[in-house]
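Visitor: Those protein sequence lines, which keep their order, are chains G and C. Here the first sequence stands for residues 1 to 316, where the numbers follow our numbering. Here the second sequence stands for residues 1001 to 1119, where the numbers follow our numbering. Using N, Cα and C, we set each Cβ at its ideal position, and we do this for glycine too. For reference, the structure I am asking about is given below.
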Amino acid sequence: MNTNNLSSALNVSARCRDLHVSLWQCPHFLFIVMGAVISTTILLTYVVAKFYAEPETVVSIIFVVTVFLFVVGNAVIKAFEKVAEASQLKSEFVAIISHELRNPLSSIKWQIDALMEKKEGLTSADFVPAMKIVNHSNEKMIGLINDLLDINRIEDSRFQLSPAIFSMNELTDEIVSVYEPIAGTSNLKFILLAPKSPLWVMADKIKVKSVISRFIDNAIRYSTSSGEITISLEDIGSHIKWSITDQGAGIPVKEIQNIFSKFFRASNILKYQTEGLGVGLYLSKYIIEATGGTVGFRSLEGHGSTFYFTVPKSKA
Amino acid sequence: MIEDDTTLANNLSAVIRQGGFEVFVSNDGETGFRQAQEKRPDLILMDLVLPKKHGFKIMEDLQKSPELATIPVIVLTNLETPHDVERALSLGAKAYLVKANYSLNEILKKVKEVSDGTN
């Protein structure tokens, strides 16, 4: 081991930061604590035994220290479990990401395949739909990578917002018009309830747009075919409240507490969902809270859900 | 064919039809299993990640029925953890193909191979 390796091995706090656990959950640090306790105890016991020579005192010290070591030992085991669990989550996550990236990639590959098969006599009637699919797949991958980068920025505390003043009605209209044709293919209709006058807010427009898009996307995805999706905007004093109600599947009661956690779908995504990373709501909550708003939902399994968020009004 | 991505299903079914096969496509696991019961196909080509019924569940249910258990299954998916591959093969899959690694014609070739092998 050269000096570099040695010093990095000894730099416990850095090692623990790398593992993304606090000092008291970090095996490296806990081992040092155990070592310190054991050596101090040996010295102390020696001193007590030599100068005070009361067996009861020595026995009590050893007893107290043993109990303490037992507690720390348990903490070490818990810490190892946590690190092992993180590594397990990581490999599941890699499996999901590769699946999610490969889907659009194979779409593109097969589109090109199909075009190459024809080769001669290719017309724009062949090209246009193929290019649309290639483009859509490409957008999907870009979105996926952007989500991953955002998560990474959040974990490294590098996530930044650029707030500006904009109208929530206008932004909502703009996004709804993009999703209308998609909803239409599942016979879903949007109902937009908003005051005519612009509702000015102070927030990062691109990020709020991503939140609204995710909420609408979820509402469509969890809706049974045909029905209504109601979006409403309200002035609630210091904030503007944006909410969306679907008549879809609703959220199973036992999953409610996990809904905003990262990779919430990681455990069941491959079984019940066909698309997505399970990070949408996690990112949305983070963005809205960093903006100074709140996120929440009401849901009744089998009857649909309402998701809402608030963003601060502009002071101007 | 049980494949929820309709564009993939269209592209692939066209190629397999050109190869001289009759193809029925289902876009979700439940319909796919029902079609398998009704049509008794010579071969099932299916994804694993499917709405309504996961591919592994379909394979388990096929295994439970003596008439359906003999239908050869080719798994065509983008999942590739050793665990998934192992499970698919243990449930009797004749081949495990990763979508991103195969061209349409290579898949057709595999379909021919497996159906020739069982006839």
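Would you list the one or two residues that DSSP bridges to W242 (chain G)?
Guide: G:L233 and G:F309
Visitor: Only counting the same chain, and skipping five residues up and downstream in sequence, which positions put a Cβ closer than 8 Å to that of H333 (chain G)?
Guide: Limits of chain G in this structure are 1 at one end and 316 at the other, which puts residue 333 (chain G) out of reach.
Visitor: Mind checking whether M34 (chain G) and V72 (chain G) have CB atoms under 8 Å apart?
Guide: A contact, by the Cβ cut-off of 8 Å.
Visitor: Please report the straight-line C-alpha distance between G292 (chain G) and V311 (chain G), rounded to a whole angstrom.
Guide: V311 (chain G) has its alpha-carbon roughly 7 Å from the corresponding atom of G292 (chain G).
Visitor: Determine the direct distance from the alpha carbon of L105 (chain G) to that of M141 (chain G), and round the result to whole angstroms.
Guide: 8 Å
Visitor: For a contact meaning CB atoms closer than 7 Å, what does A114 (chain G) contact in chain C?
Guide: Those are N1011 and L1104, listed as they occur along chain C.
Visitor: Please go through the stretch 12-87 of chain G and give each complete alpha helix (DSSP H) segment of 4 or more residues, from N-terminal end onward.
Guide: 12-18 and 27-51
Visitor: Chain C beta carbons: is any one of them nearer than 8 Å to that of A249 (chain G)?
Guide: Cβ-Cβ to chain C under 8 Å: no for A249 (chain G).
Visitor: Compare the Cα-Cα distances from V253 (chain G) to each of G:I244, G:E301 and G:E234 and report the closest residue.
Guide: G:E301
Visitor: Using the DSSP secondary-structure output, state which residues sit across from Y1096 (chain C) in a beta bridge.
Guide: C:V1075
Visitor: With R221 (chain G) as the anchor, note down where its beta strand (DSSP E) starts and where it stops.
Guide: Per DSSP, R221 (chain G) belongs to no beta strand (DSSP E); it is in the alpha helix (DSSP H), K205 to R221.
Visitor: Does the Cβ of I256 (chain G) have 16 or more other Cβ atoms within 10 Å, making it buried, or fewer, making it exposed?
Guide: exposed
Visitor: Of all the options C:G1020, C:F1024 and C:Q1037, which has the alpha carbon lying nearest to the alpha carbon of M1059 (chain C)?
Guide: C:Q1037
Visitor: To test your reading of the DSSP string, which unbroken beta strand (DSSP E) runs of 3 or more residues are found completely within the stretch 1007-1065 of chain C?
Guide: 1044-1046
Visitor: Alpha carbon to alpha carbon, how far is F93 (chain G) from F1024 (chain C)?
Guide: One C-alpha to the other measures close to 34 Å.
Visitor: For Y52 (chain G), is the classification buried or exposed, using 16 other Cβ atoms within 10 angstroms of its Cβ as the cut-off for buried?
Guide: Y52 (chain G) counts as exposed, since fewer than 16 other beta carbons sit within 10 angstroms of its beta carbon.
Visitor: Would you call the CB atoms of D1029 (chain C) and K1053 (chain C) closer than 8 Å?
Guide: Looking at the sequence shown, residue 1029 (chain C) is not Asp but Gly. With contacts defined as CB atoms closer than 8 Å, G1029 (chain C) and K1053 (chain C) qualify as a contacting pair.
Visitor: With 16 as the cutoff for other CB atoms within 10 Å, does I77 (chain G) come out buried or exposed?
Guide: exposed
Visitor: Looking at C-beta atoms only, is the number of pairs between the stretch 124-137 of chain G and the stretch 161-169 of chain G that lie closer than 8 Å three or more?
Guide: no
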